[in-house]
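Taking it in order: structure first as structure tokens, then the write-up.
Numbering (my numbering), first residue to last: 14 to 178.
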């Protein structure tokens, strides 16, 4: 090794273990909102929105989006997106609390799925009864392709879709 060369830094992100899988699944199960990153179809620049969040009957991430929201058209044009979930904590530094980033692909639910999704969604989001039947609202599954769990200081894990279900 030359004097200018630095030793290779070890990768700080580990493959998921059972504890990381359980923590990621708990974040998914408990979340009722999330941040959604999307690509604006007009400008090709990133955007981010706060969304209602839940899991469908099979445990896939799900959201309900109004046609008035810019991210609905964005996901129709560019279905690749990312979702950030974080544990709600009243005290302490939020950057030390667990959070989960998912890379995902948006899949719009079919009209045939709507009745079952509606009933399931309202169990976790009862206030959505005010607007869930408006014709511009769509259910969108956010099918994960990978994830990154930051489980707190110096604890980061790579996740595959199989780690999340």
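Note that beta-carbon positions come from the ideal geometry of N, C-alpha and C, so glycine has one too. For clarity, every value in this text was computed on a predicted model and none was experimentally measured.
Query                                                                                                                                      : Result
Are the CB atoms of residue 69 and residue 154 nearer to each other than 8 Å?                                                              : yes
Rounded to the nearest angstrom, what separates residue 76 and residue 150 at their Cα positions?                                          : 10 Å
Once you ignore the five residues that flank residue 25 on each side, which residues in its own chain have a CB closer than 7 Å to its CB? : 169
In whole angstroms, give me the CA-to-CA distance for residue 177 and residue 104.                                                         : 27 Å
Cα separation between residue 40 and residue 48?                                                                                           : 13 Å
Grab the span of the beta strand (DSSP E) containing residue 46 for me, first residue to last.                                             : 46 to 52
Hey, out of 28, 20, 21 and 23, whose CA is closest to residue 159's CA?                                                                    : 28
Is the Cβ-Cβ distance between residue 119 and residue 92 less than 8 Å?                                                                    : yes
So residue 44 and residue 61 are in contact, right, with Cβ under 8 Å, and what is the actual spacing, rounded?                            : Wrong, their Cβ atoms sit about 16 Å apart, outside the cutoff.
If you check the beta carbons only, do residue 130 and residue 166 fall under 8 Å apart?                                                   : no
Straight-line CA distance for residue 56 to residue 84?                                                                                    : 13 Å
Could you give the DSSP three-state label for residue 109: helix, strand or coil?                                                          : helix
May I ask you to list the residues that DSSP assigns as paired with residue 4?                                                             : Because the chain is modelled from 14 through 178, residue 4 falls outside the range shown and cannot be assessed.
Give me the residue from 161, 94, 148 and 106 with the minimum Cα distance to residue 117.                                                 : 94
Helix, strand or coil, according to DSSP, for residue 168 in the structure here?                                                           : coil
Under DSSP, the alpha helix (DSSP H) around residue 75 begins and ends at which residues?                                                  : Segment 74 to 78 is the beta strand (DSSP E) holding residue 75; no alpha helix (DSSP H) there.
Measuring straight from C-alpha to C-alpha, what distance separates residue 18 and residue 71?                                             : 50 Å
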